[in-house]
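Protein chains: 2
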Amino acid sequence: MAKRDLTPKSESMSKWYTQVIQQAKLADYSPVKGCMIIRPNGYGIWEHIQKNYQIMLDNMQVRNGYFPLFIPMSFLEKEADHVEGFAPELAIVTHAGGEELTEKLVVRPTSETIMYHMYSKWVQSHRDLPIKINQWNNVVRWEKRTNFFLRTTEFLWQEAHSAHATQDEALDTMYEALESYRKIAEDFLALPVVAGKKSESEKFAGADLTTTIEALMPDGKALQSGTSHHLGQNFSKKSAFDISFQDSDGVTQFAWQNSWGLSTRILGGLIMTHGDDEGIVIPPKVAPIQVVVVAASKDEKTAEAVTTLTSILKESGIRTEKNSDTTTSLGWKLNDAELEGIPIVLVLGQRELENGEITAHIRHSQEKQTLKIASAGSTIATLLEEIQKAMFSKALEKQESLTFEASSYDDFKTIMKENRGFIRAFWCESATCETAIKEETKATTRCLPFTDTKGTILEEEGTCIKCGQPAKHRWLFAQAY
Amino acid sequence: MAKRDLTPKSESMSKWYTQVIQQAKLADYSPVKGCMIIRPNGYGIWEHIQKNYQIMLDNMQVRNGYFPLFIPMSFLEKEADHVEGFAPELAIVTHAGGEELTEKLVVRPTSETIMYHMYSKWVQSHRDLPIKINQWNNVVRWEKRTNFFLRTTEFLWQEAHSAHATQDEALDTMYEALESYRKIAEDFLALPVVAGKKSESEKFAGADLTTTIEALMPDGKALQSGTSHHLGQNFSKKSAFDISFQDSDGVTQFAWQNSWGLSTRILGGLIMTHGDDEGIVIPPKVAPIQVVVVAASKDEKTAEAVTTLTSILKESGIRTEKNSDTTTSLGWKLNDAELEGIPIVLVLGQRELENGEITAHIRHSQEKQTLKIASAGSTIATLLEEIQKAMFSKALEKQESLTFEASSYDDFKTIMKENRGFIRAFWCESATCETAIKEETKATTRCLPFTDTKGTILEEEGTCIKCGQPAKHRWLFAQAY
Numbered sequence: 219m220a221k222r223d224l225t226p227k228s229e230s231m232s233k234w235y236t237q238v239i240q241q242a243k244l245a246d247y248s249p250v251k252g253c254m255i256i257r258p259n260g261y262g263i264w265e266h267i268q269k270n271y272q273i274m275l276d277n278m279q280v281r282n283g284y285f286p287l288f289i290p291m292s293f294l295e296k297e298a299d300h301v302e303g304f305a306p307e308l309a310i311v312t313h314a315g316g317e318e319l320t321e322k323l324v325v326r327p328t329s330e331t332i333m334y335h336m337y338s339k340w341v342q343s344h345r346d347l348p349i350k351i352n353q354w355n356n357v358v359r360w361e362k363r364t365n366f367f368l369r370t371t372e373f374l375w376q377e378a379h380s381a382h383a384t385q386d387e388a389l390d391t392m393y394e395a396l397e398s399y400r401k402i403a404e405d406f407l408a409l410p411v412v413a414g415k416k417s418e419s420e421k422f423a424g425a426d427l428t429t430t431i432e433a434l435m436p437d438g439k440a441l442q443s444g445t446s447h448h449l450g451q452n453f454s455k456k457s458a459f460d461i462s463f464q465d466s467d468g469v470t471q472f473a474w475q476n477s478w479g480l481s482t483r484i485l486g487g488l489i490m491t492h493g494d495d496e497g498i499v500i501p502p503k504v505a506p507i508q509v510v511v512v513a514a515s516k517d518e519k520t521a522e523a524v525t526t527l528t529s530i531l532k533e534s535g536i537r538t539e540k541n542s543d544t545t546t547s548l549g550w551k552l553n554d555a556e557l558e559g560i561p562i563v564l565v566l567g568q569r570e571l572e573n574g575e576i577t578a579h580i581r582h583s584q585e586k587q588t589l590k591i592a593s594a595g596s597t598i599a600t601l602l603e604e605i606q607k608a609m610f611s612k613a614l615e616k617q618e619s620l621t622f623e624a625s626s627y628d629d630f631k632t633i634m635k636e637n638r639g640f641i642r643a644f645w646c647e648s649a650t651c652e653t654a655i656k657e658e659t660k661a662t663t664r665c666l667p668f669t670d671t672k673g674t675i676l677e678e679e680g681t682c683i684k685c686g687q688p689a690k691h692r693w694l695f696a697q698a699y
Numbered sequence: 219m220a221k222r223d224l225t226p227k228s229e230s231m232s233k234w235y236t237q238v239i240q241q242a243k244l245a246d247y248s249p250v251k252g253c254m255i256i257r258p259n260g261y262g263i264w265e266h267i268q269k270n271y272q273i274m275l276d277n278m279q280v281r282n283g284y285f286p287l288f289i290p291m292s293f294l295e296k297e298a299d300h301v302e303g304f305a306p307e308l309a310i311v312t313h314a315g316g317e318e319l320t321e322k323l324v325v326r327p328t329s330e331t332i333m334y335h336m337y338s339k340w341v342q343s344h345r346d347l348p349i350k351i352n353q354w355n356n357v358v359r360w361e362k363r364t365n366f367f368l369r370t371t372e373f374l375w376q377e378a379h380s381a382h383a384t385q386d387e388a389l390d391t392m393y394e395a396l397e398s399y400r401k402i403a404e405d406f407l408a409l410p411v412v413a414g415k416k417s418e419s420e421k422f423a424g425a426d427l428t429t430t431i432e433a434l435m436p437d438g439k440a441l442q443s444g445t446s447h448h449l450g451q452n453f454s455k456k457s458a459f460d461i462s463f464q465d466s467d468g469v470t471q472f473a474w475q476n477s478w479g480l481s482t483r484i485l486g487g488l489i490m491t492h493g494d495d496e497g498i499v500i501p502p503k504v505a506p507i508q509v510v511v512v513a514a515s516k517d518e519k520t521a522e523a524v525t526t527l528t529s530i531l532k533e534s535g536i537r538t539e540k541n542s543d544t545t546t547s548l549g550w551k552l553n554d555a556e557l558e559g560i561p562i563v564l565v566l567g568q569r570e571l572e573n574g575e576i577t578a579h580i581r582h583s584q585e586k587q588t589l590k591i592a593s594a595g596s597t598i599a600t601l602l603e604e605i606q607k608a609m610f611s612k613a614l615e616k617q618e619s620l621t622f623e624a625s626s627y628d629d630f631k632t633i634m635k636e637n638r639g640f641i642r643a644f645w646c647e648s649a650t651c652e653t654a655i656k657e658e659t660k661a662t663t664r665c666l667p668f669t670d671t672k673g674t675i676l677e678e679e680g681t682c683i684k685c686g687q688p689a690k691h692r693w694l695f696a697q698a699y
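Chains as they are written, first to last, in the numbering used here: chain A, 219 to 699; chain B, 219 to 699.
Here's what the structure looks like:
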C-alpha cells in the first residue's frame, strides 16, 4: 500500500500517529474496546526487541517460565498498596465452564502475587536463592482512554521477578535491570533516555523504590519506557507471601525482591521519535527488514542482479528482501518502503549496473548514495551502523533542545506553556507541591536522575520552585503520556 | 535437588508422570484450578520447540502477529459448529474497570473468530491473498479433569491462520503444515507419529477437514499431538465473517481457509515417551542444556579443565553448562542431571585427565564412553546426533510393538484388553459403529492414515469390524489421552 492522506507530523503529531500506524500496517483497531491488533509489521519490531533483550536476560542469569493468566482475587489483597493500585483496572472472570466461579479470578494486571505464592513454596534455604524468573506474556489493565501501543487494555511485555538473600544483592540487580533497559532504548531503539528514581506518588504499587527510564517525545511529552522496582520485603513478609529461608546460620530471614518490566509501549516511543511526514523510520538494529532491493527496469538481467544481490546481503547477515512485484511501479515500491520505514532501499538500474553500481536510498536522512556492488555486503553493514548512530544523535539533539532548567516557578510555567519538554528544577519532595505543579502546569515528576548506573544522586543546595523551601535535588519534570 | 521417592515408570506411568514433572522442576501445580506453572526447566524445552518451529513457519512465509485475548461472545456465535464445540469450555469476563460489561467477553479458546473479523477488513482483492498469520499465545478452555501439559485450562501454543484465493492452494498449505508438525515431532522431539485425517466426529468445531499427527505413549494410549484444519468457506462466507475478494475477473469470491495449532501438550508426549525410572530424558535437539561438565575431584587443575572444556564445547555450538557447585558431591550432580534428562554428562577425573580423556555418561542408554579431550567438540556433536537418532528408533520400535491389526471385533476387544495400543481396522465410517466401539472398548478413531505427505489415502476392500458392512478404509484406533 502506498501512503495516502497522511497528516504531516509537524501539523498534528497525534493525528499523524494514529494514521501512520494504520497505513504502515503496524497495528489496527480491534472490535474489543481498548485492545489493539498488532500486525506483522509491528510485531516484527517487537520480536527484534525481544531477541535483543533476551540476550541481556540470559546474561543476567534470568530464566524464562510461565505462570497462569488468572489470579485469585484474594492473592492481590495480600499486599495492601498493590491491590489499591490495581483494583480500578481489573478485568474479572466470574463464570467458566458453564458455572459461576466460587472465587472470582482476576486477569493478571501483573504477576507479582501469583509468582511469589510459588516462590514461597520453592524457597526454603539460602541455597535456593537468588531466584530470577522472567515471562514474556500478556497482561490486562482496563483503561478508559487508550492509544495504539502507548496505552492499551491488553498489552505484551516481559516481567522479570527476583528474590534475593540480601537487600544489597537485590538493589544491585535492580540497577543492573535498569541499565539493561537504558541499553535497549538507546543502543537498539535509538531512543535517548534519562534514568532515575520515581517520586513516592509515582512509584509502583507495592514497591519501596521504583526506577525508570524516561524518553522525551518530539511534542515535548515524556514517555515512561521501562521500570525496575525494588519491592523490599513487602511481598515476602509473613503477612503477605511468606518467602522465608534459613540463612547460613540457620536463622529465618525474609527474601528481598525486585520486579522489572518492558512493554510494547516502547514501540510508540520508537514511532513518535523517528517517524517523519513520509511515514515511520525503523532503527536498523530492530528492523525486521533492513534492506529492500528493487529493480528500476523490468529486464531479465536486472531481475537476476536483484536476486543475486539479495542473496549476497542475506549471506552477510543483513536482513534483506527483494521486492519483485511486477504489478507495481518503482515509485510505488519506494513509497511503500518509505512509509514502512525500511532503513535502506537499494535500486538497481540498467545503466548503473553496467558500471557495477547501485543507488542506496537512506530512509532516515532521505539521502541517496551510489555504492559499488562488488563491496555491497560490507558497505551496507557499515551504512546500517552509521544510520543507527545518526538516528540516536538526531533524537538526542532533539531531546537536548527540549530540555530546560527552571530557576523559578514563573520560568517553569512559561516553559510548559511555550515549549513543553523536560524541565530540571528543585523540588522539596512534598506531595503538596507535586500535586499543585501537576494541576497548574500538567507537568509531573518524571524522575530524580541518576549520575551513574549505580543509582547515585547528586545532592545540591536549592529551593523548591513551588514553595521556596529548601530542596536537595533537581528533579526532572514533564507532561507525561 | 536429587531424585527421591520416584515411583518406577513401569509400576505406574501416571504416578511416575506427575512425580517426575515436579521433581525435575518442569512444572508445578498452581493455586488456580486446572492451570499449571511451567518452570524454567520445562519452559526451556518449549522455547527450543518454538525456535525450531519458527524456522518452519518462516519457510512457509507465515508472519507473526498478535490479536486480543478477549473475544465478544457474538463473534463465536457467527459459526454454528464453532460455538457449539467451544461453549461448554469458555471462561467469561463479565466485569472490568469496576463496571459490568454490556457485552460479555470470552477469554479466547482459539482465535479464528477475532482474526477472521480482521481478515475480512484487510482482504479486498485477490492481491491481498494469501494471508498467513501466526501467533504464539495463551488460550483458555475450561477443563474438568486436568493433567500436567496434557490437559490444562490455560495452555500455550501457536495458532496459524491462513486465507487463500483457491481451495487447492489452501489444501496444499494444510498438508504442508501437517508435514511441518510431523517433522517437529519426529526429527526434533524424537516422537514417531502417524499422520492422517480425523473422522467427522473428531474434527475441529468449524472445520471441513481436520488432519492430525498421533503419537503412541508407552502405556498404549494415543496422544493427538498437532492438528491442521481446512475450514473451507465456513468462516469466510457472507453470513459468518464475509472474507470476500474480487478475483482477477472482478468477480466476488469467498476465501478458503486453514488453521493449525501445536501446543505445550506435546511436552507431555516427550516426557512419557522418553522418560525412565531415573527421570526424564530430553532429546538433544530440544534440550536447553545438552551437556553438563562436572569434576570428579576438587583440585584446582580439574576445575580449570572443567571451565576450559565448557568453553570449547560452547564455542562448537553445543549448549553446555558446567556444574561447579562445591557444596554437592559428584553423585548428587550426576543424580540431578539424570533426573532432569540432560543428554550427556561429562565427568573429568584427575587420572583420566592425565591421559587426555573424559568419561561421557549418556543419559538415554545409561552407558558410559571414554572420549579424547582433544577432539571433544566434534565427538560430542556426533554423539548428540547419534543419541537423537537412537531415541527416535527406540520410540519407533516401541510404537511398532504396540501397533496391531484387528481382523475381527473379538480380536479388537482382546487387543484393547490385553495390550492396548494402535489398532488398524476396517470401519464403515458410520457414527453408530464409532460410538459403539468407543463405549465398549474405550478406543476412538485416531485417524485415517495418509500414505504420503499430500493426503493420499489407501482404498481397500474390507468389512467394518463392528457391523460387517463394506468398508473402504483401515482406520487407526486407540484409547486417547
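Where is the CB? At the ideal position from N, CA and C, for every residue including glycine.
Bear in mind the structure is a predicted one, so any value in this text is a computation, not a measurement.
Taking only the alpha-carbon atoms, compute the straight-line gap between residue i and residue j and give it to the nearest angstrom.
i, j, result
"B:V357", "B:A458", "22 Å"
"B:V509", "B:F472", "52 Å"
"B:L666", "A:R345", "53 Å"
"A:K416", "A:G686", "22 Å"
"A:C755", "A:R664", "This structure leaves residue 755 of chain A out entirely; chain A is present only between 219 and 699."
"B:S380", "A:E265", "21 Å"
"A:D460", "B:M254", "21 Å"
So, is the C-beta of residue i closer than 8 Å to a C-beta in chain A?
i, result
"B:M278", "no"
"B:T236", "no"
"B:E539", "no"
"B:N356", "yes"
"B:E307", "yes"
Going by beta carbon distance, what residues of the same chain come within less than 6 Å of residue i, once the five residues before and after it are set aside?
i, result
"A:P226", "D495"
"B:V311", "L323"
"B:L488", "L407"
"A:M219", "Unreliable placement is indicated for A:M219, whose pLDDT of 43 sits below 50; no coordinate value is reported for it."
"A:I267", "V504"
"A:M392", "S446, H448 and N476"
I want to check one thing, is the minimum distance from the CB of residue i to the heavy atoms of the ligand NAP below 7 Å?
i, result
"B:E361", "For the ligand NAP, the structure offers nothing, since it holds no ligand at all."
Taking 8 Å as the CB-CB limit, is residue i close to chain B?
i, result
"A:V504", "no"
"A:S248", "yes"
"A:G315", "yes"
"A:A220", "Its pLDDT being 44, under 50, A:A220 is placed unreliably in this model, and the value from its coordinates should be taken loosely. Chain B contact via Cβ: absent."
"A:G283", "yes"
"A:L374", "yes"
"A:E533", "no"
"A:R363", "no"
"A:V509", "no"
Short of 7 Å in beta carbon distance, which residues of its chain neighbour residue i, apart from the five on each side in sequence? Order them along the chain.
i, result
"B:H313", "L319"
"A:Q442", "T430, E432 and A698"
"A:I530", "A594 and G595"
"A:N452", "E297, G424, D426 and A458"
Please list, in chain order, all residues of the same chain as residue i whose beta carbon is under 8 Å from its beta carbon, the five residues on each side excluded.
i, result
"A:K455", "F472"
"A:Y284", "Q353 and N355"
"A:A654", "K684"
Taking only beta-carbon positions, decide if residue i is within less than 8 Å of chain C.
i, result
"A:L287", "Protein chains A and B are contained in the structure displayed, whereas chain C is not."
Please give the ranges of any alpha helix (DSSP H) in the segment 294–357 of chain A, keeping only runs that are unbroken, at least 4 residues long and fully inside the region.
298–304 and 330–340
Proximal residues, the segment 325–348 of chain A versus chain B, C-beta separation under 9 Å:
For the segment 325–348 of chain A, the residues whose beta carbon sits under 9 Å from a beta carbon of chain B are, in order, V325, I332, M333, H335, M336, K339, W340 and R345.
Report the start-end ranges of each beta strand (DSSP E) in the segment 632–660 of chain B that is 3 residues or longer and not cut off at the edges.
640–645
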